[in-house]
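Peer 1: Next up is a structure, given as structure tokens.
Protein chains: 2
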Amino acid sequence: MSLAVTNIIAKDIRFPTSAEKHGSDAMHPDPDYSCVYVFIYTENEHLTGHGLTFTIGRGTEVVLKAVQSLEFLFIGKKLNDIFDDFARFWREVTSESQLRWIGPEKGVIHLATSALINALWDLWAKIENKPLWKLLVDMSPEKLVSTIDFRYISDVLSEEEAVQILKHNMPYRKAREEEIISKGYPAYTSSVGWIGYNDEKIRSLCREALLDGFTHFKAKVGDNIENDKRRLKLIREEIGYENKLMVDANQKWDINVAIEWMRQLSEFKPLWIEEPTSPDDVFGHLKISDALKPYGVGVALGEQCQNRVIFKQLLEMGAMQFCQLDATRLGGLNEVLAVALMAAKFHVPICPHAGGVGLCEYVRHISIWDYICVSGTTKNRIVEYVDHLHDIFSNPASIVRAHYIVPFESGYCGQMKPEVIETYEYPTGTYWRSVNK
Amino acid sequence: MSLAVTNIIAKDIRFPTSAEKHGSDAMHPDPDYSCVYVFIYTENEHLTGHGLTFTIGRGTEVVLKAVQSLEFLFIGKKLNDIFDDFARFWREVTSESQLRWIGPEKGVIHLATSALINALWDLWAKIENKPLWKLLVDMSPEKLVSTIDFRYISDVLSEEEAVQILKHNMPYRKAREEEIISKGYPAYTSSVGWIGYNDEKIRSLCREALLDGFTHFKAKVGDNIENDKRRLKLIREEIGYENKLMVDANQKWDINVAIEWMRQLSEFKPLWIEEPTSPDDVFGHLKISDALKPYGVGVALGEQCQNRVIFKQLLEMGAMQFCQLDATRLGGLNEVLAVALMAAKFHVPICPHAGGVGLCEYVRHISIWDYICVSGTTKNRIVEYVDHLHDIFSNPASIVRAHYIVPFESGYCGQMKPEVIETYEYPTGTYWRSVNK
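Chain order of the listed sequences is B and D. First residue of the first sequence: -1, per my numbering; consecutive thereafter. First residue of the second sequence: -1, per my numbering; consecutive thereafter.
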């Protein structure tokens, strides 16, 4: 039986997070965590794919428009034809002869692609009645690699090399699957150090997180060096030096400022500096990475790296010590798999970006697959966790003692509850109508 | 007197160029040359800014939506406040705290920024009653540099260095201005070698172009090596080896394919290979550039390079021998000036991308300014010219003996004729209504 895609509906969903400064950082002082949420309907009325792409308020309407402009490439297509040669279909979408001009493969059009492609993966996993990670784990190396478009990365990773990486790990899959199910996947918290929080709130959040079992803590930096020192000092007072501290500048700095600022913060022994500068600046990150090596500070980035071509360069040049790929900025899971396999080749650990809307729900699948089929270790690998906006999903990500629990529901995305969509659809949902009266 | 922006109207304008294969290449077989066209209205009803960004059909509606999402940053602003510190305003637009998530500074949101920012430059030039190039030429080095946002490029070009480049050229401005007015700026033709043209058409177009005085000819390659060899051979038969031939692959290849393909085409002595691979691949272009150096083939790119950060790396690493910046993919003239000054520092000639809709009209201003205030030479500098879609403008770009004539009308853009907008606005214009019946 081969089902066709019959219809697609996309919605602009926004949560008023800016009111309480959740998610505030040096470049985004007032995010309203949002998403474009996509339903892909099929000939089977009981089978609908859900997919989303994360945004932060204004601009979501532009991504929504882009989803609508891409829909014609999906509607009427048979799911079997797509999954039989997913790389070919992915290229048809990302290289559409007129639409590619407004990317290509970056920004708005790629965010839109991601929501749609992720909804297809959700469908595929549902058809197989498996959680997404298990769909991937049960695939042969050849089948998994057949979903990846190697255009523009073949100089660094060939199809054959990708298959070999997976084959090499085949014998360990079963044992690792059991292990990760029993232990869960380690998480770190970003919730203690948003720029907009006051000192008392930071201290109490650190204490709560320690009680919850967290060993890795991330703080935002970059607005004011003295302020950063005070905040990092008080976080270290709370968490000690036996736990890990990471810092995140959200692209605030130029290269030389990044180097000097981080030299000054190096006394607090951060494991990494995240997004010190523009996500487009591969060579700049190499300069920073080289300058901070003597201080034991690694460079982490990826949440705004636009596609596999940027990751390819960061990895090959040695400009990135932690790969924070983003499940909805890359063009859906196919491209995530490409980046994960390139990272494996260069022995760079994957620590996916999460938080926002739905990212924790997505990335747990990616890291669990990475553990079972690629890396076989959680050394230096840790997944972001932010304790906001999970109860909006029917099957939310959850953690126990700072470890993501392995999910067993079929599909990719924690589906959003219908009443949440009715409340927060922008601008017509009941919440937005009530505040915009 | 300080005027405020009162209203903005943006339109989706599309020309049915795909019907005749104009503009066809290896990655874009069927472009409908299009643009988002912006009017910025002011308190003076006789003073309206016009700006556009070039697109190729589908997707224009997404860029239009992005313009509408950016408008709130412009409406109500005083023009004097903008022009007094244009870099600050430009950063306000490109770093808007929520909208930057859907870029930042790339793709749809940056194309939209470009149309709006270019309309502001059009206004500024009209207020001064000068053509845009002359507005720039008459500015002090400090004033011109004050329009540039140096964020993310200060490690390679400081404000002081930029001022020095311009100061160094001050004594020659007057003489160069007279020269360029009398001689015009050299142009090359891309019209002879679109992929979709047959051999007879290519031959006759070469002959016409030679008669018109052209000495530089560009052909599309990348679909089929034997076909490319046949087409380049016949172009060389027509133009000889005393004229220059350039080739353009429009991102068709992976790195190793690009190197091998161009080794095979090197017998036809191309001056450059344009866009051999992904525009995001700085390190990849360096590999190609190094491999082709022994064959005397340079690497040219820029029409899809998303922002100054990518250009910075291409220039600093030596991955680009010809800088083909694009007046509407970069975030308006402010960023074009940044790239031009970085190119000057690294002694890389600027050969702007043109053709499409309105690009020839824009880039003549840029290259004329570059000649007078920065480079002082046309050696290895040549501006693309495509002989389509000029009569849609009130003040079209025009060439005589393969040289752009220096324009004297005030403003930046050749304004589009009102009847053209009525005919080709999509989908409501009279042309589109007639074909979509």
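Glycine is no exception: its CB is placed at the ideal position from the N, C-alpha and C atoms.
When we look at the beta-carbon of M168 (chain B) and count the other beta-carbons within 10 Å, is it buried (16 or more) or exposed?
Peer 2: Per the 10 Å Cβ criterion, exposed.
Peer 1: Mind listing, in chain order, the continuous alpha helix (DSSP H) runs of no fewer than 4 residues lying wholly within the region 236 to 323 of chain D?
Peer 2: List check, alpha helix (DSSP H) in window: 253 to 263, 280 to 290, 306 to 315.
Peer 1: Which residues of chain B have a Cβ atom closer than 8 Å to the Cβ of H26 (chain D), listed in chain order?
Peer 2: S95, Q96, R98, W99
Peer 1: Does DSSP put R174 (chain D) in a helix, in a strand, or in coil?
Peer 2: helix
Peer 1: Whole-angstrom Cβ separation of L133 (chain D) and A117 (chain D), contact assumed at under 8 Å?
Peer 2: Their Cβ separation, rounded to whole angstroms, is 14 Å, which puts L133 (chain D) and A117 (chain D) out of contact at 8 Å.
Peer 1: Using 6 Å as the cut-off, classify the Cβ of V135 (chain B) as near or not near the heavy atoms of the ligand HEM, replying yes or no.
Peer 2: By its list of ligands, the structure shown contains no ligand whatsoever, and the ligand HEM lies outside what it can speak to.
Peer 1: Once DSSP output is grouped into helix, strand and coil, what is the label at N222 (chain B)?
Peer 2: DSSP places N222 (chain B) in coil when its eight states are reduced to three.
Peer 1: Name, please, each residue of chain B whose Cβ falls closer than 7 Å to the Cβ of M315 (chain D).
Peer 2: Think of a sphere of 7 Å around the beta carbon of M315 (chain D): the chain B residues whose beta carbon falls inside it are F281, in chain order.
Peer 1: Return the residues of the region 143 to 155 of chain B that lie within a Cβ-Cβ distance of less than 7 Å from chain D, sorted by chain order.
Peer 2: R149, Y150, S152, D153
Peer 1: Who are the neighbours of L331 (chain D) on chain B, taking C-beta pairs under 7 Å?
Peer 2: Chain B residues near L331 (chain D): none, gap ~20 Å exceeds 7 Å.
Peer 1: In three-state terms, what does DSSP make of C358 (chain D)?
Peer 2: DSSP places C358 (chain D) in helix when its eight states are reduced to three.
Peer 1: Can you tell me the Cβ-Cβ gap for I179 (chain B) and I233 (chain B), rounded? I've got them flagged as a contact below 8 Å.
Peer 2: With 8 Å as the limit, I179 (chain B) and I233 (chain B) do not qualify as a contact, their Cβ atoms being about 33 Å apart.
Peer 1: What distance in whole Å lies between the Cβ atoms of G354 (chain B) and F70 (chain B), which are believed to be in contact at a cut-off of 8 Å?
Peer 2: Not a contact, Cβ separation roughly 28 Å.
Peer 1: Is G105 (chain D) helix, strand or coil by DSSP?
Peer 2: helix
Peer 1: Kindly indicate which residue of D:S392, D:Y402, D:A247 has the alpha-carbon position closest to the one of V381 (chain D).
Peer 2: D:Y402
Peer 1: Quick check: what's the CA-CA separation for S30 (chain D) versus Y360 (chain B)?
Peer 2: One point to set straight first is that residue 30 (chain D) is Asp, not Ser, in the sequence displayed. Taking the straight line from one Cα to the other gives about 38 Å.
Peer 1: Just to make sure I have the definition right: I need the residues of chain D whose C-beta is within less than 8 Å of the C-beta of R56 (chain B). Which are they?
Peer 2: S67, E94, Q96, L97
Peer 1: The beta strand (DSSP E) with G383 (chain B) in it runs from where to where?
Peer 2: Residue 383 (chain B) is actually Tyr in this sequence, not Gly. Unbroken beta strand (DSSP E) run through Y383 (chain B): 381 to 383.
Peer 1: My output table needs one value for H48 (chain B): the three-state DSSP class, helix, strand or coil.
Peer 2: strand
Peer 1: Who are the near neighbours of L312 (chain B) in its chain, counting only those whose CB is closer than 6 Å to its CB and skipping five residues on each side?
Peer 2: V280, M318
Peer 1: Quick one: grab the DSSP three-state call for Y429 (chain D).
Peer 2: helix
Peer 1: I want to verify the contact list: residues of chain B whose CB lies under 7 Å from the CB of D252 (chain D), in sequence order.
Peer 2: R149, Y150, S152, D153
Peer 1: Three or more C-beta pairs closer than 8 Å, one from the region 48 to 63 of chain B and one from the region 77 to 90 of chain B: is that the case here?
Peer 2: no
Peer 1: For the region 53 to 141 of chain B, list the alpha helix (DSSP H) runs that are entirely contained and at least 4 residues long, ordered along the chain.
Peer 2: 58 to 68, 77 to 82, 84 to 92, 105 to 125, 130 to 135
Peer 1: Using beta-carbon positions only, say whether I348 (chain D) and A336 (chain D) come within less than 7 Å of one another.
Peer 2: no
Peer 1: Starting from I390 (chain B), trace the beta strand (DSSP E) both ways and give me its first and last residue.
Peer 2: Where I390 (chain B) is concerned, there is no enclosing beta strand (DSSP E), given that its DSSP letter is neither H nor E.
Peer 1: Buried or exposed: L6 (chain D), going by 16 or more other Cβ atoms within 10 Å of its Cβ?
Peer 2: Going by the sequence as given, residue 6 (chain D) is Ile instead of Leu. By the 10 Å Cβ count, I6 (chain D) comes out buried.
Peer 1: Quick one: list the residues of chain D neighbouring L467 (chain B), beta-carbon separation under 9 Å, in chain order.
Peer 2: What the structure shows of chain B is the stretch from -1 to 435, and residue 467 (chain B) is not part of that stretch, so it cannot be assessed.
Peer 1: At what residues does the alpha helix (DSSP H) containing D197 (chain D) begin and finish?
Peer 2: 197 to 209
Peer 1: What residues in its chain sit with their C-beta under 6 Å from that of Q302 (chain B), if we drop five residues either side in the sequence?
Peer 2: P277
Peer 1: Please confirm whether I308 (chain D) has its beta-carbon closer than 7 Å to some beta-carbon of chain B.
Peer 2: yes
Peer 1: Among all the DSSP beta bridges, which residues are the ones paired with I419 (chain B)?
Peer 2: None; I419 (chain B) has no bridge partner.
Peer 1: Of all Cβ atoms in chain B, is any one closer than 7 Å to the Cβ of C319 (chain D)?
Peer 2: Reading off the sequence, residue 319 (chain D) comes out as Gln, not Cys. By this cut-off, Q319 (chain D) is not an interface position.
Peer 1: When you compare the CB positions of K231 (chain D) and D23 (chain D), do they come within less than 7 Å of one another, or not?
Peer 2: no
Peer 1: Taking all protein chains shown into account, decide if Q304 (chain B) is buried (16 or more other Cβ within 10 angstroms of its Cβ) or exposed.
Peer 2: Around the beta carbon of Q304 (chain B), 16 or more other beta carbons sit within 10 angstroms, so the residue counts as buried.
Peer 1: Please say whether A185 (chain D) and Y383 (chain D) have beta carbons closer to each other than 7 Å?
Peer 2: yes
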